[in-house]
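Below is one structure, written out as structure tokens; the observations come after it.
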Amino acid sequence: MTQSTTDKDQLVLGYWAARGRAESSRLLLHYTKTPFIDKMYQMGDVPDYNRDDWLNEKYKLGLDFPNLPYLIDGDLKLTQSTAILYYLGRKYNLMGNNPKQEALIIMLCEQAYDLRLKFITLCYGPNGNSPNEQKNFIETTLTENLQQFDRYFSKNKNQFAVDDRPTVADFQLFYCIDCSCSFNGSHVLLEKYINVKAFLQRIRELPQLKDYIIQSQAQVPMLLKIVQRLNYTRDEKEKILSCIRNASINDLFIAYGYQYTQPIIENYPFPLYTRSTIQNDT
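Here's what the structure looks like:
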């Protein structure tokens with residue numbers, strides 16, 4: 001992946017060795033031909049999913065809110081994927097030409113992220129490998145979202161999502177829609193939505209991105225290695241999360257939602273359940 005010079009003034013984008021929440025920003029940086037250090041942190045394999053590669057640096061980078069992804073641009077240090085994406089968009093004049101375009105860009109980015117979040121929730125949840133759950137996602141959530149995006153693109157007279165040149169929205173839309181169409185059968189559904197399909201193809205064929213997209217999809221996994229799983233307490237009245245020593249709070253909300261995660265955060269000290277704690281129950 002992109003590893004240019006290590007000039008101290010060069011942009012650094014840090015994230016796991018996965019596409020994930022950094023990919024839209026990577027697409028933007030490649031599109032603008034911006035030299036940057038693509039710092040990919042490795043996660044260990046089962047059973048521990050060791051995160052030391054990141055944890056050894058987490059509190060040494062001067063980040064106000066240490067997290068992944070992060071962006072370092074000179075003396076500016078940012079976390080939160082949306083803040084990073086919008087900052088880069090403004091830095092490289094990709095947030096539209098006026099307030100109306102900027103509002104549309106933000107709306108499309110948030111809508112695309114909502115779709116990806118629903119996809120990720122299933123993937124990281126206990127039923128992520130269930131063909132029935134995947135089929136249900138395709139027939140309900142994915143279908144509804146593709147219909148809406150297709151309708152938007154059918155009315156849009158611009159070459160890209162908001163303008164006749166790419167904006168931040170195009171990179172977010174491309175990644176979020178593309179990854180959400182990863183289950184078997186998704187691309188058959190995509191054939192029905194010709195405007196969405198044409199949009200994705202336009203992004204893939206951008207000279208600045210064509211080679212990178214092929215390389216990224218071939219070499220960098222879409223999701224993190226970590227797989228959370230559900231356990232039950234002995235009285236089966238409360239679902240709890242186990243084997244989460246290496247999961248962040250954000251991981252848990254994504255995987256299991258507010259209903260199951262919030263009570264754990266409120267009632268249990270962290271770290272919660274290490275493998276040794278639950279060894280007898282596995």
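Position one of the sequence shown corresponds to residue 1 (UniProt numbering), numbered consecutively onward. We put the CB at the ideal spot given by N, CA and C, even for glycine.
{"query": "Taking the DSSP output, what are the residues bridged to K39?", "result": "G14"}
{"query": "Are the CB atoms of L146 and L190 within a distance shorter than 8 Å?", "result": "yes"}
{"query": "What number of angstroms, rounded off, separates the C-alpha of G185 from the C-alpha of T143?", "result": "12 Å"}
{"query": "Quick check on this structure: which residue in L200, V12, Q42 and D64 has the alpha carbon closest to the alpha carbon of C181?", "result": "L200"}
{"query": "Which whole-angstrom value is the C-beta distance of S24 and Q172, which I expect to be below 8 Å?", "result": "5 Å"}
{"query": "Determine, using beta carbons only, whether L71 and K39 come nearer to each other than 8 Å.", "result": "no"}
{"query": "Tell me which residues share the same chain as W54 and place their Cβ nearer than 7 Å to its Cβ, disregarding the 5 neighbours each side in the sequence.", "result": "Y41 and L68"}
{"query": "How would you write the range of the alpha helix (DSSP H) that D73 sits in, first residue to last?", "result": "No alpha helix (DSSP H) holds D73; the beta strand (DSSP E) holding it covers Y70 to D73."}
{"query": "Can at least three beta-carbon pairs, one atom from the segment 164-171 and one from the segment 100-111, be found at a separation below 8 Å?", "result": "yes"}
{"query": "If you follow the beta strand (DSSP E) that L76 is in, where does it begin and where does it stop?", "result": "L76 to T79"}
{"query": "Assuming contact is defined by CB atoms lying nearer than 8 Å, are A78 and Y87 in contact in what I supplied?", "result": "Here residue 78 turns out to be Leu, not Ala, going by the sequence shown. Going by C-beta atoms, L78 is nearer than 8 Å to Y87."}
{"query": "Identify, in the order they occur along the chain, each residue of the same chain with its Cβ nearer than 6 Å to the Cβ of R204, setting aside the five sequence neighbours on each side.", "result": "I213"}
{"query": "Kindly indicate which residue of D150, L206, Y175 and Q208 has the alpha-carbon position closest to the one of V196.", "result": "D150"}
{"query": "Using a Cβ-Cβ cut-off of 7 Å (strictly less than) and excluding sequence neighbours within five positions of A18, which residues of its own chain qualify?", "result": "V220, P221, M222, L223 and L224"}
{"query": "So C176 packs on A103, CB below 8 Å; how close in whole Å?", "result": "With a Cβ gap of about 19 Å, C176 and A103 do not count as contacting."}
{"query": "Candidates P131, F137 and N132: which alpha carbon is nearest I120's?", "result": "F137"}
{"query": "From I194 to V162, what does the alpha carbon distance come to, in whole angstroms?", "result": "18 Å"}
{"query": "Quick one: using the 10 Å Cβ neighbour count with 16 as the cut-off for buried, is G20 buried or exposed?", "result": "buried"}
{"query": "Quick one: using the 10 Å Cβ neighbour count with 16 as the cut-off for buried, is Y15 buried or exposed?", "result": "buried"}
{"query": "List the endpoints of the continuous alpha helix (DSSP H) containing K197.", "result": "I194 to R204"}
{"query": "Using the rule of at least 16 other Cβ atoms within 10 Å of the residue's Cβ for burial, across every protein chain shown, is D64 buried or exposed?", "result": "exposed"}
{"query": "From P66 to K33, what distance separates their C-alpha atoms?", "result": "27 Å"}
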